[in-house]
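Working notes for the structure below.
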Amino acid sequence: MNFSRLQAVYNSFGMKKIQVKVGQLLEIHETIGEGDNKRNWKFRCLVYAVKNPSHPNGTFLVRGVSSGVVIEKIYPLCFDKFAKIILLDEFKVRRSKLYFLRTKVGKGARLKSLMTSERRNMDLLTLQIVPVVEEVQVPAELVDESVESVTIEQADAPESTNE
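In the numbering used here, the protein residues as written are 7 to 169.
Shown next as structure tokens:
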């Protein structure tokens, strides 16, 4: 297959290749539906395998639980139906395929986390950190200045030491 031609097609449609690794816990927001009936489906899953990660026709296999049913899906690395992919956690793995985890239950299925707080909740499509809780803007007329001055004065006061 001519990969340069396939890459040119992906570039013309504006598709980006996703950088996923085996052992990452993802939250995939996939757009599903036909015509006007479209919605985003959230799917929390673990990446079990990545095949051909350097080619545009590469795929990755994920496994997760949705509505009490275990689901395994194979996604292409260049997929235009992803709304966003959030990196929740990254685990230490010593294998390129995690198929052995299918049979493990409980403590046998535990993995050690390697995630730092800076990379947690990062969107892999835009490589930006997604805020977990959105901040609410309060209008200026509702803010009481006396309460702010009291909290500032209390913050500047020295702490008492117990000896």
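Every residue gets a Cβ at the ideal spot worked out from N, C-alpha and C, and that includes glycine.
| Check | Outcome |
| --- | --- |
| Neighbourhood of residue 82 by C-beta, 6 Å cutoff - its chain only, sequence neighbours within 5 removed | 65 |
| Residue 35: first and last residue of the uninterrupted beta strand (DSSP E) it sits in | 30 to 40 |
| Cβ-Cβ separation, residue 24 to residue 91 (assumed contact under 8 Å), whole Å | 6 Å |
| Burial state of residue 1, where buried means 16 or more other Cβ atoms lie within 10 Å | Because the chain spans 7 through 169 in this model, residue 1 falls outside it and cannot be assessed. |
| Cα-Cα separation, residue 99 to residue 38 | 31 Å |
| Endpoints, beta strand (DSSP E) assigned at residue 89 | 88 to 96 |
| Bridge partner(s) assigned by DSSP for residue 65 | 57 and 82 |
| Option in 13, 40 and 125 with minimal Cα separation from residue 93 | 125 |
| Residue 10 burial status per 10 Å Cβ neighbour count (16 or more: buried) | exposed |
| Collapsed DSSP secondary structure at residue 120 in the structure displayed | coil |
| Backbone CA spacing between residue 105 and residue 73 [nearest angstrom] | 22 Å |
| CA-to-CA distance, residue 61 to residue 103, given in whole angstroms | 18 Å |
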